[in-house]
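Asker: Here the sequence shown stands for residues 12 to 260, numbered as in the working numbering.
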Amino acid sequence: MNRCQRISGALVLAAAFALSATACSPFGGSSSPSSAGTPSTSPSPTALSADALANQAVADLGQASAYRMKGRIDQAGKIIGVDLSVVTGKGCVGSISQAGKGTIRLVLLGQKLWIRPNVSFWESVGAPSSTARALAAKYVATSATSAKFGAFGKLCDAQALTKGFGTATGLARGATTTVDGVSAVTLKEADGVLDYVTESGRPELVRLLKPAKGSAKVASQIDFLDFGKPATITAPPASQTIPGAKLGA
12 MNRCQRISGA
22 LVLAAAFALS
32 ATACSPFGGS
42 SSPSSAGTPS
52 TSPSPTALSA
62 DALANQAVAD
72 LGQASAYRMK
82 GRIDQAGKII
92 GVDLSVVTGK
102 GCVGSISQAG
112 KGTIRLVLLG
122 QKLWIRPNVS
132 FWESVGAPSS
142 TARALAAKYV
152 ATSATSAKFG
162 AFGKLCDAQA
172 LTKGFGTATG
182 LARGATTTVD
192 GVSAVTLKEA
202 DGVLDYVTES
212 GRPELVRLLK
222 PAKGSAKVAS
232 QIDFLDFGKP
242 ATITAPPASQ
252 TIPGAKLGA
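(1) According to DSSP, is residue 132 helix, strand or coil?
(2) May I have a chain-ordered list of the beta strand (DSSP E) segments no shorter than 3 residues that lie completely inside the stretch 45-119?
(3) Could you give the residue range of the alpha helix (DSSP H) that holds residue 177?
(4) Apart from the five residues on each side of it in sequence, which residues of its chain come closer than 6 Å, Cβ to Cβ, to residue 146?
(5) Skipping 5 residues on each side, what residues in its chain have a beta carbon closer than 6 Å to that of residue 236?
(6) Suppose contacts are defined by Cβ-Cβ distances below 8 Å. Is residue 127 in contact with residue 231 by that definition?
(7) Between the stretch 182-197 and the stretch 208-222, can you find at least three pairs of beta-carbon atoms closer than 8 Å?
(8) Taking the C-alpha atoms as reference points, what is the distance between residue 139 and residue 130?
(9) Measuring CA to CA, which of 100, 214, 151 is closest to residue 116?
(10) Measuring only the C-alpha atoms, how far is residue 8 from residue 169?
(11) Can you tell me which of the three DSSP states residue 155 falls into?
(12) Between residue 108 and the rest of its own chain, which residues show a CB-CB distance below 6 Å, the 5 nearest in sequence each way excluded?
(13) I'd like to confirm the pairing. Which residues does DSSP put opposite residue 232 in its beta bridges?
(14) At the level of alpha carbons, what is the spacing between residue 59 and residue 121?
(15) Can you give the beta carbon distance from residue 102 to residue 167, rounded, assuming they're within the 8 Å contact cut?
(16) Residues bridged to residue 199 by DSSP?
(17) Please report how far the alpha carbon of residue 250 lies from the alpha carbon of residue 175, in whole angstroms.
(18) By the three-class DSSP mapping on this structure, what secondary structure does residue 127 have?
(19) In the DSSP output, which residue or residues are listed as bridge partners for residue 253?
(20) For residue 53 and residue 242, what's the separation of their Cα atoms in angstroms?
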């Protein structure tokens with residue numbers, strides 16, 4: 012296997028890395044598909060049942076103009092970290108990581124995608140240290156619509172994300188607490204997953220928390236914050252990019 016083939020294989024692994032963060036929600040919910048359409052503004056959030064409040068918050072997330080999601084997911088013992096700022100209709104910027112593998116910085120702008128695995132990632136797939144350092148200094152430029160890298164685009168699609176949550180049923184309303192400085196009510200699902208949702212104005216899903224159990228080594232937690240605060244997304248300068256075609260991507 013030549014150097015280009017090895018690098019191409021590593022980039023396929025990077026795409027699988029992204030796919031593992033989107034393939035299935037670890038947060039439960041029913042198997043019914045979510046019906047997140049145009050968010051309703053009535054009745055008042057405080058008058059909604061626990062199920063209705065959770066479902067409206069998910070619908071609102073699917074329609075959000077901008078938000079940030081940050082946290083970690085335990086997928087059968089694989090710890091996937093996510094920190095992405097999403098601007099609907101434009102793209103996203105941030106990183107995903109896997110414990111023991113490394114971190115991938117990504118920029119999605121329209122249909123154009125740039126990914127930059129760090130030194131640890133390249134070394135984890137067998138690259139010598141000198142090669143890993145050289146590769147980690149550049150973004151790999153490719154397309155978010157390609158079969159190989161489409162998983163990265165799904166990470167930044169609010170509607171695709173919320174469809175995976177399903178429709179909440181059988182939730183129980185719990186105590187009010189503070190999440191990232193925001194007051195939120197705790198909604199407990201039958202399998203122990205906790206949804207934290209605001210009750211003022213338009214309901215916002217601000218945290219999902221799944222306790223560690225079974226094959227999961229740690230609790231899975233994703234926070235949603237900075238609603239309506241679009242991040243600045245800019246393409247990396249050409250001097251910092253490598254055409255994906257040169258690497259077999």
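By construction, the Cβ of each residue, glycine as well, lies at the ideal position given by its N, Cα and C atoms. Because the structure is a prediction, the values reported are computed rather than measured.
Answerer: Concretely, from the data shown:
(1) Start at 1 with the first residue of the sequence shown, and residue 132 comes out as number 121. In this structure, residue 132 counts as helix in the three-state DSSP scheme.
(2) 77-86, 89-98, 102-109
(3) Taking the first residue of the sequence shown as 1, we reach residue 177 at position 166. First-last for residue 177: undefined, no H or E at that position.
(4) Taking the first residue of the sequence shown as position 1, residue 146 is located at position 135. Only 133 meet the Cβ criterion.
(5) In the sequence shown, the residue the question calls residue 236 occupies position 225. Taken in chain order, the residues that qualify are 79, 191.
(6) The sequence position of residue 127 within the sequence shown is 116, counting from 1. The sequence position of residue 231 within the sequence shown is 220, counting from 1. No. Outside cutoff.
(7) yes
(8) Taking the sequence shown and counting its residues from 1, the one referred to as residue 139 is at position 128. Taking the sequence shown and counting its residues from 1, the one referred to as residue 130 is at position 119. For residue 139 and residue 130, the distance between alpha carbons rounds to 10 Å.
(9) The sequence position of residue 116 within the sequence shown is 105, counting from 1. Comparing Cα-Cα distances from residue 116 to each of 100, 214, 151, the minimum goes to 151.
(10) Since the first residue shown for the chain is 12 and the last is 260, residue 8 is missing from the structure and cannot be characterised.
(11) Translated into the one-based positions of the sequence shown, residue 155 becomes position 144. Coil.
(12) Numbered from its first residue, the sequence shown carries residue 108 at position 97. These residues qualify, in order along the chain: 92, 114.
(13) Residue numbering aside, residue 232 sits at position 221 when the sequence shown is read from its first letter. Residue 232 pairs with 83, 220.
(14) One-based indexing of the sequence shown puts residue 59 at position 48. One-based indexing of the sequence shown puts residue 121 at position 110. Each residue's alpha carbon lies about 37 Å from the other.
(15) As a position in the sequence shown, residue 102 is number 91, starting the count at 1. As a position in the sequence shown, residue 167 is number 156, starting the count at 1. Going by Cβ atoms, the distance from residue 102 to residue 167 rounds to 6 Å, so yes, they are a contact pair.
(16) For this step, residue 199 is matched to residue 188 along the sequence shown. Answer is 183, 205, bridged to residue 199.
(17) Numbered from its first residue, the sequence shown carries residue 250 at position 239. Numbered from its first residue, the sequence shown carries residue 175 at position 164. Their Cα atoms are separated by approximately 38 Å.
(18) Locating residue 127 in the sequence shown gives position 116, counting from the first residue. In this structure, residue 127 counts as strand in the three-state DSSP scheme.
(19) Counted from its first residue, the sequence shown places residue 253 at position 242. The partner list for residue 253 (beta bridge, DSSP) reads 151.
(20) Residue 53 sits at position 42 when you count from the first residue of the sequence shown. Residue 242 sits at position 231 when you count from the first residue of the sequence shown. Because the pLDDT of residue 53 is 49, which lies under 50, any placement of that residue in the model is unreliable, and the question is left without a value.
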